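Sequential numbering of the sequence shown, starting at 165, is according to my numbering.
Backbone N, C-alpha and C fix where the C-beta goes; we use that ideal spot for every residue, glycine too.
Bear in mind the structure is a predicted one, so any value in this text is a computation, not a measurement.
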Amino acid sequence: MWAYGSRGNAHNAKGDSDRAIADFDEAIQLDPELAMSYYNRGNAYRAKGDSDRAIVDYGEAIRLDSEYAVAYYNRGSAYHAKGDDDRAIADYGAAIRLDPKSAAVYNSLGVAHYDKGDNDRAIADYDEVIRLDPDALTYSNRSTVYRDKGDNDRAIADCDEAIRLDPKFSVAYINRGNAYRDKGDDDRAIADCDEAIRLNPKDAVAYDNRGIAYYDKCDNDRAIADYDQAIRLDPKDALAYKNRGNAYHAKGDDDRAIADYDVAIRLDRAFRWVRTETREAPAKP
165 MWAYGSRGNA HNAKGDSDRA IADFDEAIQL DPELAMSYYN RGNAYRAKGD
215 SDRAIVDYGE AIRLDSEYAV AYYNRGSAYH AKGDDDRAIA DYGAAIRLDP
265 KSAAVYNSLG VAHYDKGDND RAIADYDEVI RLDPDALTYS NRSTVYRDKG
315 DNDRAIADCD EAIRLDPKFS VAYINRGNAY RDKGDDDRAI ADCDEAIRLN
365 PKDAVAYDNR GIAYYDKCDN DRAIADYDQA IRLDPKDALA YKNRGNAYHA
415 KGDDDRAIAD YDVAIRLDRA FRWVRTETRE APAKP
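Have a look at this one:
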């Protein structure tokens with residue numbers, strides 16, 4: 165039984181989820197009361213992107229061992245992947261009650277609260293992560309919440325700390341640039357995007373955000389060049405098409421603007437308003 169479990173974990177570590185699942189199936193047949201085998205199979209199903217089966221297996225592991233903190237945590241992550249933040253939060257809460265010093269669980273709880281729009285609870289969760297195990301990612305995550313609350317000064321301070329802890333963490337530069345742009349400081353926003361691109365030249369978001377800052381400065385040609393690069397890196401980035409459409413419209417090239425808005429709408433129906441706006445009024449940033 166243990167050999168099947170160990171081999172299954174090795175297969176899963178190599179990315180061979182199907183063989184891992186087959187081994188865990190065998191381990192469960194040999195001892196159907198061992199919670200760990202269900203937990204491990206749940207991990208393999210999660211690796212395959214099958215959140216539903218993963219949830220079932222984590223649930224069985226929890227039924228067999230009600231104090232299996234990491235099973236609650238991983239089931240919460242599977243629920244979060246399905247967009248079920250309420251159940252995710254419930255499972256993360258159970259994991260924290262069993263293991264109150266787990267920074268990873270508090271971080272995931274903060275993400276789930278943020279996704280639900282509960283910024284104050286998200287900040288409280290990230291505060292707890294920072295108390296337990298401060299790292300660049302958590303400061304960067306908390307900065308995003310502060311920015312959403314309109315507190316750009318705290319957002320910038322958190323990004324500063326993230327960059328101090330990890331000067332190569334490109335996301336922190338992107339987030340700080342966003343906060344500077346919200347404060348109207350497009351030059352600093354562009355400088356931060358420059359650094360993010362230097363650190364990670366394949367990050368479409370950095371180009372998109374720098375394009376927005378150039379657009380704010382009425383430098384539409386540079387904005388379009390950045391949106392071009394964002395689209396090359398991520399052809400399904402509806403926002404980049406919408407933003408490039410805005411820049412073309414600002415240059416008076418409505419044919420290209422409409423073509424970009426058409427693609428944005430096809431990729432994301434949330435942008436269906438932009439085409440009408442282009443024909444009736446100046447495009448909004």
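Assigned with DSSP and collapsed to three states, Ser-230 falls in coil, not helix or strand. CA-to-CA, the gap between Gly-409 and Ile-192 works out to about 56 angstroms.
With respect to Ala-370, Asn-364 sits close: the two C-beta atoms are nearer than 9 angstroms.
Here DSSP, grouped into helix, strand and coil, assigns Glu-325 to helix.
When secondary structure is reduced to three states using DSSP, Leu-198 falls in the coil class, being assigned neither helix nor strand. In the three-state DSSP reduction, Phe-333 falls in the coil class, being neither helix nor strand. Approximately 5 angstroms separates the beta-carbon atoms of Cys-323 and Ala-336; this is inside 8 angstroms, confirming the contact.
By the neighbour-count criterion, in which 16 or more other beta carbons inside 10 Å mark a residue as buried, Ala-174 falls on the exposed side. Closest by C-alpha distance to Arg-210, out of Leu-198, Ala-184 and Arg-227, is Ala-184.
Judged by beta-carbon spacing, Ala-343 lies within the 9 angstroms limit of Ala-319, meaning their Cβ atoms are closer than that value.
Separation of the CB atoms of Tyr-405 and Ala-428 is rounded to 4 angstroms, and the pair is thereby assigned contact status at 8 angstroms. When the beta-carbon positions are compared, Asp-401 and Asp-380 stay at least 9 angstroms from each other.
Burial check for Gly-375: the Cβ neighbour count within 10 Å reaches 16 or more, so the residue is buried. Of the residues Asp-221, Lys-313 and Tyr-270, the one whose Cα lies closest to the Cα of Gly-281 is Lys-313. When secondary structure is reduced to three states using DSSP, Lys-406 falls in the helix class. Straight through space, the alpha carbons of Asn-316 and Lys-347 are spaced by roughly 7 angstroms. Residue environment analysis places Ala-177 among the exposed positions, since fewer than 16 neighbouring C-beta atoms fall within 10 angstroms of its C-beta. The shortest C-alpha to C-alpha distance from Glu-231 to any of Asp-255, Leu-262, Gly-257 and Glu-224 is the one to Leu-262. For Asn-364, no alpha helix (DSSP H) segment is defined, and its DSSP state is neither H nor E. The closest CA to that of Thr-302, considering only Lys-332, Arg-311 and Ala-268, is found on Ala-268. Under the three-state reduction of DSSP, Ser-181 is assigned to helix. Taking each of Tyr-425, Asp-229, Asp-424 and Ser-170 in turn and checking the Cα distance to Ala-199, the smallest one comes out for Asp-229. The C-beta separation of Phe-333 from Ser-304 comes to about 7 angstroms, placing the pair in contact by the 8 angstroms criterion. Short of 6 angstroms from the beta carbon of Arg-217, and not among the five residues preceding or following it, lie these beta carbons of its own chain, in chain order: Tyr-209. Around Arg-311, the same chain offers Ala-319, Asn-339, Asn-342, Ala-343 and Asp-346 as residues with beta carbons nearer than 8 angstroms, after the five sequence neighbours per side are excluded.
Using a Cβ distance threshold of 9 angstroms, Gly-169 and Ala-186 do not count as a contacting pair.
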